[in-house]
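> Sharing a structure, written as structure tokens. Questions coming.
Number of protein chains: 2
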Amino acid sequence: MRWTDYDSATCSVARTVELIGDRWTMLVLRDLFNGVRRFDELAGHLGVARDLLTRRLTALTEAGIVERQPYQEPGRRTRYEYRLTDAGYELRPVLLALAQWGDKHLAGQDGPPTAVEHKNCGATVHLSMFCDDGHQIDDGHELRMLPLPAARLVS
Amino acid sequence: MRWTDYDSATCSVARTVELIGDRWTMLVLRDLFNGVRRFDELAGHLGVARDLLTRRLTALTEAGIVERQPYQEPGRRTRYEYRLTDAGYELRPVLLALAQWGDKHLAGQDGPPTAVEHKNCGATVHLSMFCDDGHQIDDGHELRMLPLPAARLVS
């Protein structure tokens with residue numbers, strides 16, 4: 000069997016990008032990770048059309064990545080803010096991997112525009128790949144994605 | 000200064016998703032990582048319209064993530080195959096992070112449909128977050144993205 004004998008959509012990458020594989024969605028997640036929670040703040044900072052932001056937040060909520068919580072300021076009607084769920088917080092490595100690549104490959108002469116730090120100690124954070132036998136893997140060539148019994152053959 | 004005082008687009012996540020923050024692009028990358036290189040094979044496996052695939056591959060080539068190499072089968076005209084560049088291979092953690100989240104959160108009753116293994120030893124591969132002070136970080140709440148001097152204020 001070859002990789003192409005298996006259904007493209009029955010793959011953990013395909014299933015995840017079905018939910019978050021969209022530029023605006025990634026930026027919404029980034030801002031949520033950075034503590035931006037209110038619809039107006041998200042719309043203003045991202046410069047995204049309000050209807051598009053609504054659709055993205057609705058999809059993230061339905062996917063269990065984001066939850067909507069009501070809040071009310073004195074004398075105003077109830078509004079909603081958005082927070083990452085526990086499952087949403089587990090997307091951190093996706094954002095960090097994107098940031099790490101951009102830091103290295105897309106920085107200008109002034110260096111990277113952003114850093115990711117460990118809140119507790121202030122040190123810079125990076126991602127590393129390890130296998131369960133304890134080898135650290137620095138080269139993407141050393142990895143292989145395999146179909147498991149739950150994969151489907153192309154029909 | 001707050002995160003929202005800084006220009007959303009001048010951020011390493013934003014710059015990277017500008018290039019690859021698209022569902023089809025992610026799946027093209029996944030298939031390239033899995034050794035699928037020829038246009039017809041990519042189009043067939045992904046089930047994507049040929050003009051859309053052409054646009055995605057052209058954009059990835061212009062971004063220096065993919066390179067196009069000619070090949071010729073006997074008696075046929077020259078065709079092209081696509082390979083990840085070194086910069087492209089460094090996107091491995093992005094794909095692995097997406098796969099890891101999907102394995103955990105989107106698997107059905109039969110378990111995850113795919114695994115990522117270390118070619119050299121066959122063990123399963125995972126991503127871990129570390130800070131430069133040597134702390135392993137398991138909780139996305141412990142991270143913070145910060146603007147650096149190269150970030151721009153919202154004008």
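Chains as they are written, first to last, in numbering that gives the first Met the number 0: chain U, 0 to 154; chain G, 0 to 154.
Beta carbons: idealized from backbone N, C-alpha and C, even for Gly.
(1) Between alanine 150 of chain U and chain G, is any beta-carbon pair separated by less than 8 angstroms?
(2) With DSSP as the reference, label glycine 107 of chain U as helix, strand or coil.
(3) For phenylalanine 16 of chain U and aspartate 109 of chain U, I'd like the C-alpha separation in whole angstroms.
(4) Who does proline 146 of chain G pair with in a DSSP beta bridge?
(5) Output the boundary residues of the alpha helix (DSSP H) element that contains histidine 44 of chain G.
(6) Note down, in chain order, all residues in the region 30-50 of chain G with a beta-carbon under 8 angstroms from any beta-carbon belonging to chain U.
(7) Specify, as a first and last residue, the run of the beta strand (DSSP E) that tyrosine 79 of chain U falls within.
(8) Would you mind working out which of G:Arg82, G:Glu61 and G:Gly63 sits nearest proline 69 of chain G, comparing C-alpha positions?
(9) Just tell me which of U:Val93, U:Gln71 and U:Pro73 has its CA closest to the CA of arginine 22 of chain U.
(10) How should glutamate 61 of chain U be labelled, buried or exposed, when 16 other C-beta atoms within 10 angstroms of its C-beta is the threshold for buried?
(11) For the candidate residues G:Val115, G:Met144 and G:Leu145, whose alpha-carbon lies nearest to that of isoleucine 136 of chain U?
(12) From what residue to what residue does the beta strand (DSSP E) around leucine 126 of chain G run?
(13) Anything in the region 105-125 of chain U with a Cβ closer than 8 angstroms to a Cβ of chain G? List those residues in chain order, please.
(14) Name, going along the chain, the residues of the region 62-74 of chain U whose beta-carbon falls closer than 7 angstroms to a beta-carbon of chain G.
(15) May I have the straight-line CA-CA distance separating tyrosine 88 of chain G from threonine 57 of chain G, to the nearest angstrom?
(16) Assign glycine 34 of chain G to buried or exposed, taking buried as 16 or more other Cβ atoms, counted over all protein chains shown, within 10 Å of its Cβ.
(17) Count the other C-beta atoms from every protein chain shown that fall within 10 angstroms of the C-beta of histidine 117 of chain G, then say buried if there are 16 or more, exposed otherwise.
(18) Do leucine 95 of chain G and leucine 126 of chain G have their beta-carbon atoms positioned less than 8 angstroms apart in this structure?
(19) Cβ atoms of proline 112 of chain G and alanine 42 of chain U: under 8 angstroms apart, would you say?
(20) Taking only the alpha-carbon atoms, compute the straight-line gap between glutamate 72 of chain G and aspartate 138 of chain U and give it to the nearest angstrom.
(21) With DSSP collapsed to three states, give me the class of arginine 67 of chain G.
(22) From the DSSP output, which residues share a beta bridge with glutamine 135 of chain G?
(23) Mind checking if glutamate 80 of chain U is an interface residue toward chain G, Cβ cutoff 8 angstroms exclusive?
(24) Cβ of arginine 91 of chain U less than 8 angstroms from any chain G Cβ?
From the atom records:
(1) Chain G contact via Cβ: present.
(2) Strand.
(3) According to the sequence displayed, residue 16 of chain U carries valine and not phenylalanine. Valine 16 of chain U and aspartate 109 of chain U have their C-alpha atoms roughly 32 angstroms apart.
(4) Note: proline 146 of chain G is bridge-paired with U:Thr113 in the DSSP secondary-structure output.
(5) Here the alpha helix (DSSP H) through histidine 44 of chain G covers 38-45.
(6) Taken in chain order, the members of the region 30-50 of chain G whose beta-carbon sits within less than 8 angstroms of a beta-carbon on chain U are Asp30, Phe32, Asn33, Gly34, Val35, Glu40, Gly43, His44, Leu45 and Gly46.
(7) Element bounds for tyrosine 79 of chain U: 78-83.
(8) It is G:Arg82 whose Cα lies nearest to the Cα of proline 69 of chain G.
(9) Looking from the CA of arginine 22 of chain U, the closest CA among U:Val93, U:Gln71 and U:Pro73 belongs to U:Val93.
(10) Glutamate 61 of chain U comes out exposed.
(11) Nearest option by C-alpha distance: G:Val115.
(12) For leucine 126 of chain G, the uninterrupted beta strand (DSSP E) segment begins and ends at 124-130.
(13) Of all residues in the region 105-125 of chain U, the ones placed with a Cβ closer than 8 angstroms to any Cβ belonging to chain G are Leu105, Ala106, Gly107, Asp109, Gly110, Pro111, Pro112, Thr113, Ala114, Val115, Glu116, His117, Lys118, Asn119, Cys120, Ala122, Thr123, Val124 and His125, in chain order.
(14) Of all residues in the region 62-74 of chain U, none places a beta-carbon less than 7 angstroms from a beta-carbon of chain G.
(15) Distance from the CA of tyrosine 88 of chain G to the CA of threonine 57 of chain G, rounded to the nearest whole angstrom, comes to 17 angstroms.
(16) Burial is judged here by how many other beta carbons sit within 10 angstroms of a residue's own beta carbon; glycine 34 of chain G has fewer than 16 and is exposed.
(17) So histidine 117 of chain G ends up on the buried side.
(18) Yes, these two residues count as a Cβ contact at 8 angstroms.
(19) Taking 8 angstroms as the Cβ cut-off, alanine 42 of chain U and proline 112 of chain G do not qualify as a contacting pair.
(20) Pairing glutamate 72 of chain G with aspartate 138 of chain U, the inter-Cα distance amounts to about 31 angstroms.
(21) Strand at arginine 67 of chain G.
(22) Secondary-structure assignment with DSSP links glutamine 135 of chain G through a beta bridge to G:Phe129.
(23) Answer no: the Cβ-Cβ gap between glutamate 80 of chain U and chain G never drops below 8 angstroms.
(24) By this cut-off, arginine 91 of chain U is an interface position.
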